[in-house]
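In the UniProt record's numbering, the protein residues as written are 1 to 363. The beta carbon of each residue, even a glycine, is placed where N, CA and C say it ideally should be.
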């Protein structure tokens, strides 16, 4: 084997590992000099417009949605939840009147003064570097090396590795179940969909769609989704991009998000088609993403009064263009959006639990 310095040495490699390495696609890497090396977070360039783009999108969404409509309510809900974040936490107090909806803003194409003020506060919150994690702590899981073992297949050209299972898997699934997120996942993205004339429950996910749109705009990518990872499937609750993944239950071993769960922080993958963990999964073969960024969606752990959170899913973005860097603002914004998504998903889990309990009492 020849190393980067040109030194040749004898190396013993197992045949299964060698076959897995050979099965990867390195064609794009060979011509991509810009995005080599580990994923990293870099300082913002002068006059970064990341936050202003997001606020402009929220303002446009409010303008396009008639006051009093469900679409308008969902935008307000996202704004309200973002404003509840304080010291990297989302408050559980729903009685905050950070921004109130108005039945009549004067005209359907005009944002009320109170809504304009709320958007200004969102912009201030997202742009304030005092709310960012220190740049040195903006890291990604497994950037230098994996902290878990892979179970490689006998034939990597036709099979995929078995899903790695995190040490906290039992606690993770218990937390998701207790929060109603397994019920929510099976309702919004069932493993075996059935045709029904009338749904048993009504769970609106337009606010999650907005989070996906904000995440995609933060990075300038084509796809974003919010999911819950069950024992065997990733259940996609909301998504943006074509094709739409919302409502899909993807076998766990064919997902990129399975690897985000293997450590507490976010995961960034550059050229996953050249990653022996991923090169043969359906997502890579069918969509050909060249980059992936996933931040954890969480639920309260059981037994500590909900003081700690545990990853139960992912807010992720991917794109056909490679990238190996996020700016400081992009990292902090995705972290805030993932916390917002976690809060909204937990509320929907409570909602479906309440609906099921109500049906049980009435039956």
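Over the uninterrupted alpha helix (DSSP H) stretch that includes residue i, give me the two end residues.
i	result
residue 326	Element bounds for residue 326: not the alpha helix (DSSP H) but the beta strand (DSSP E), 325–327.
residue 216	206–219
residue 239	Not the alpha helix (DSSP H): residue 239 falls in the beta strand (DSSP E), residues 233–240.
residue 246	No alpha helix (DSSP H) contains residue 246, which DSSP labels as neither H nor E.
residue 76	70–84
residue 405	Past the edges of the chain, shown from 1 to 363, lies residue 405, and the structure says nothing about it.
residue 61	50–64
residue 174	169–178
residue 183	181–188
residue 122	113–127
For residue i, list the residues DSSP reports as bridge partners.
i	result
residue 16	For residue 16, which the question treats as bridged, DSSP gives no partner whatsoever.
residue 313	228 and 297
residue 267	294
residue 319	291
residue 251	233
residue 35	Answer is none; residue 35 lacks a bridge partner.
residue 223	318
On the CB-based measure, 16 or more other CB atoms within 10 Å of its CB, does residue i come out buried or exposed?
i	result
residue 344	buried
residue 207	buried
residue 34	exposed
residue 352	buried
residue 31	exposed
residue 88	Low confidence applies to residue 88: its pLDDT is 48, below 50, so where it sits in the model is not reliable enough to give any reading.
residue 106	In this prediction, residue 106 has a pLDDT of 43, which is less than 50 and means its spatial position is unreliable; what the coordinates show is noted afterwards. Exposed: under 16 other Cβ atoms inside 10 Å.
residue 93	With a pLDDT of 49 at residue 93, under the threshold of 50, the modelled position of that residue is not reliable, and no figure is offered here.
residue 150	exposed
residue 285	exposed
residue 13	exposed
residue 10	exposed
residue 294	buried
residue 197	Low confidence applies to residue 197: its pLDDT is 44, below 50, so where it sits in the model is not reliable, and the reading given next is rough at best. Exposed is the call here.
residue 45	exposed
residue 80	buried
residue 85	buried
residue 97	For residue 97, the predicted model reports a pLDDT of 46, less than 50, meaning its position is unreliable and no value from the coordinates is stated.
residue 270	buried
residue 39	buried
residue 53	exposed
residue 117	exposed
residue 148	exposed
residue 209	buried
residue 78	buried
residue 127	buried
residue 143	exposed
residue 26	exposed
Indicate whether residue i and residue j have their beta-carbon atoms separated by less than 8 Å.
i	j	result
residue 191	residue 254	no
residue 82	residue 115	no
residue 188	residue 165	no
residue 17	residue 152	yes
residue 179	residue 305	no
residue 321	residue 290	yes
residue 50	residue 346	no
residue 5	residue 133	no
residue 296	residue 338	yes
residue 41	residue 119	no
residue 223	residue 318	yes
residue 140	residue 225	no
residue 360	residue 252	no
residue 156	residue 23	yes
residue 59	residue 111	yes
residue 371	residue 211	Residue 371 cannot be examined here, being either before or after the span of the chain that is shown, 1 to 363.
residue 376	residue 171	The structure shown does not extend to residue 376, since the chain is modelled only from 1 through 363, so no value can be given for it.
residue 327	residue 48	yes
residue 256	residue 272	yes
Can you name the start and end residues of the beta strand (DSSP E) that residue i belongs to?
i	result
residue 41	40–42
*Does the stretch 175–194 come close enough to the stretch 300–320 to have 3 or more Cβ pairs within less than 8 Å?*
Yes, the stretch 175–194 is in contact with the stretch 300–320.
*asked:* Any contact between the stretch 248–268 and the stretch 314–325? By contact I mean 3 or more CB pairs, one from each, below 8 Å.
replied: Because the criterion of three Cβ pairs below 8 Å is met, the stretch 248–268 and the stretch 314–325 touch.
*Is there contact here, the stretch 237–257 with the stretch 212–223, by at least three beta-carbon pairs under 8 Å?*
Contact holds: three or more Cβ-Cβ distances are below 8 Å.
*asked:* Contact between the stretch 272–281 and the stretch 122–135 is defined here as three or more beta-carbon pairs at a separation below 8 Å; is this criterion met?
replied: Taking 8 Å as the limit for Cβ pairs, the verdict is that the stretch 122–135 does not touch the stretch 272–281.
_With three or more C-beta pairs closer than 8 Å as the rule, is the stretch 66–83 touching the stretch 224–231?_
Contact between the stretch 224–231 and the stretch 66–83 is absent: fewer than 3 CB-CB pairs across the two stretches fall below 8 Å.
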